[in-house]
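Residue numbers (my numbering): 18 to 265.
Backbone N, C-alpha and C fix where the C-beta goes; we use that ideal spot for every residue, glycine too.
Nothing here was measured: the structure is a model prediction, and the numbers come from that model.
Before any comments, here is the structure.
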Amino acid sequence: LRKRGQVIEPLKELHKDEVRELGHKLGAPDELVWRHPFPGPGLGIRLLCAEEPYMNDDFAKVTAQLAKHATDSIKTTLLPVRTVGVQGDDRTLSYLAALSGDEDWPTLQKIAREIPKSVHGVNRIVYVFGDTVAETSLDKITETYPSQDAFDQLRIADDKAMKVLQKHGLNKALAQMPIVSFPVNFGYEGKRSIGIRTMITNDFMTGDIALPGRDLPIDVIHEMVTEILKDSSIARVVYDLTSKDRKS
18 LRKRGQVIEP
28 LKELHKDEVR
38 ELGHKLGAPD
48 ELVWRHPFPG
58 PGLGIRLLCA
68 EEPYMNDDFA
78 KVTAQLAKHA
88 TDSIKTTLLP
98 VRTVGVQGDD
108 RTLSYLAALS
118 GDEDWPTLQK
128 IAREIPKSVH
138 GVNRIVYVFG
148 DTVAETSLDK
158 ITETYPSQDA
168 FDQLRIADDK
178 AMKVLQKHGL
188 NKALAQMPIV
198 SFPVNFGYEG
208 KRSIGIRTMI
218 TNDFMTGDIA
228 LPGRDLPIDV
238 IHEMVTEILK
248 DSSIARVVYD
258 LTSKDRKS
């Protein structure tokens with residue numbers, strides 16, 4: 018279609034911050050310009066699909082390496098899915114790791130920054146809200162395809178999180194907040210989990226997470242989690258602790 022000139026992409030040369038600036042200049046309402054994740058990843062790319070658990074021969078080894086970063090109050094769990102991340106100068110597809118336990122956000126961020134440096138099989142770290150995950154690794158997922166059911170579940174979770182953000186007037190506190198679905202069921206057969214991915218940035222090329230208690234009120238994040246979990250088909254809600262590098 019592009020070769021035949023049937024697809025017109027007037028914004029393809031603009032960065033995300035420039036798209037938002039253009040929206041302001043065109044007089045678009047704030048609720049559109051500051052809607053999250055616009056401008057950013059569409060719904061399809063935020064649905065992580067898998068037919069089976071991702072567990073290579075190194076799964077046990079990576080689990081043991083990850084466990085060295087656990088503390089008395091914060092536990093580590095290797096999850097059987099892979100995600101996109103950046104390690105060194107390269108974009109990688111590697112395991113997703115979870116932290117659970119005390120909501121000590123500065124310590125959680127510190128651990129999340131340390132893990133990819135020493136555990137090369139992990140490139141993304143999340144915090145799991147709710148009860149501590151006792152297992153050091155999980156081996157079950159909910160088989161997921163880009164189906165109507167999976168997309169509807171993600172749309173509802175996305176809408177609930179965005180309404181909480183808007184309710185508290187915090188749209189402009191973040192550059193982006195994509196809501197992501199991933200197939201780890203945390204022992205609840207048939208369920209999926211939801212990730213909250215916040216980003217603070219000036220250029221959308223690099224950025225950091227919105228640290229709860231510093232950049233976003235913790236009560237607001239808990240309200241998002243509570244609203245999302247009203248959907249009984251969702252197993253757990255997690256918060257992405259991974260900073261954005263230029264290639265991620």
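Alpha-carbon to alpha-carbon, residue j and residue i
i, j, result
"Asp99", "Asp89", "Before going on, a small fix: residue 99 reads as Arg here, not Asp. Roughly 27 Å separates the two Cα atoms."
"Thr80", "Ile226", "25 Å"
"Arg214", "Arg19", "32 Å"
"Gln165", "Thr159", "15 Å"
"Pro70", "Glu30", "38 Å"
"Lys261", "Pro195", "13 Å"
"Asn140", "Gly44", "40 Å"
"Asp176", "Glu68", "27 Å"
"Arg130", "Thr259", "7 Å"
"Asp220", "Gly57", "13 Å"
"Asp169", "Glu38", "30 Å"
"His41", "Gln193", "17 Å"
"Arg172", "Ser210", "13 Å"
"His32", "Lys78", "40 Å"
"Met179", "Lys134", "33 Å"
"Gly118", "Val150", "8 Å"
"Val136", "Gly212", "22 Å"
"Arg263", "Gly102", "Confidence is the limiting factor: at Arg263 the pLDDT is only 48, short of 50, which leaves the residue's position unreliable, though a coordinate-based value still follows. Distance between the alpha carbons of Arg263 and Gly102 is about 10 Å."
"Glu35", "Gly230", "29 Å"
"Met72", "Gly204", "17 Å"
"Tyr112", "Ala167", "22 Å"
"Asp47", "Glu152", "44 Å"
"Leu65", "Val24", "27 Å"
"Glu240", "Gln183", "12 Å"
"Glu206", "Ile91", "25 Å"
Whole-number beta carbon distance between residue j and residue i, since they are thought to touch under 8 Å
i, j, result
"Thr93", "His86", "6 Å"
"Lys208", "Ser154", "With a Cβ gap of about 18 Å, Lys208 and Ser154 do not count as contacting."
"Ile235", "Gly224", "Wrong, their Cβ atoms sit about 20 Å apart, outside the cutoff."
"Gly61", "Pro163", "6 Å"
"Gly138", "Asp75", "6 Å"
"Ile142", "Ala114", "5 Å"
"Ile128", "Leu83", "With a Cβ gap of about 10 Å, Ile128 and Leu83 do not count as contacting."
Within 7 Å, strictly: CB atoms of residue i and residue j
i, j, result
"Thr161", "Pro97", "no"
"Val181", "Glu120", "no"
"Leu116", "Leu110", "no"
"Arg63", "Val197", "yes"
"His185", "Val237", "yes"
"Lys247", "Asn202", "no"
"Trp122", "Leu233", "no"
Beta-ladder partner(s) of residue i, from DSSP
i, result
"Met216", "Gln193"
"Ser198", "Leu64, Ile211"
"Val145", "Val255"
"Thr100", "Ser111"
"Thr94", "Ala115"
"Val139", "Tyr112"
"Pro234", "Pro234 pairs with nothing; no bridge assigned."
Original post:
If we count Cβ pairs, one from each stretch, closer than 8 Å, do we get three or more for the stretch 253 to 262 versus the stretch 135 to 150?
Top reply: yes
Original post:
If you pair each beta-carbon of the stretch 180 to 199 with each one of the stretch 45 to 52, do three or more pairs fall below 8 Å?
Top reply: yes
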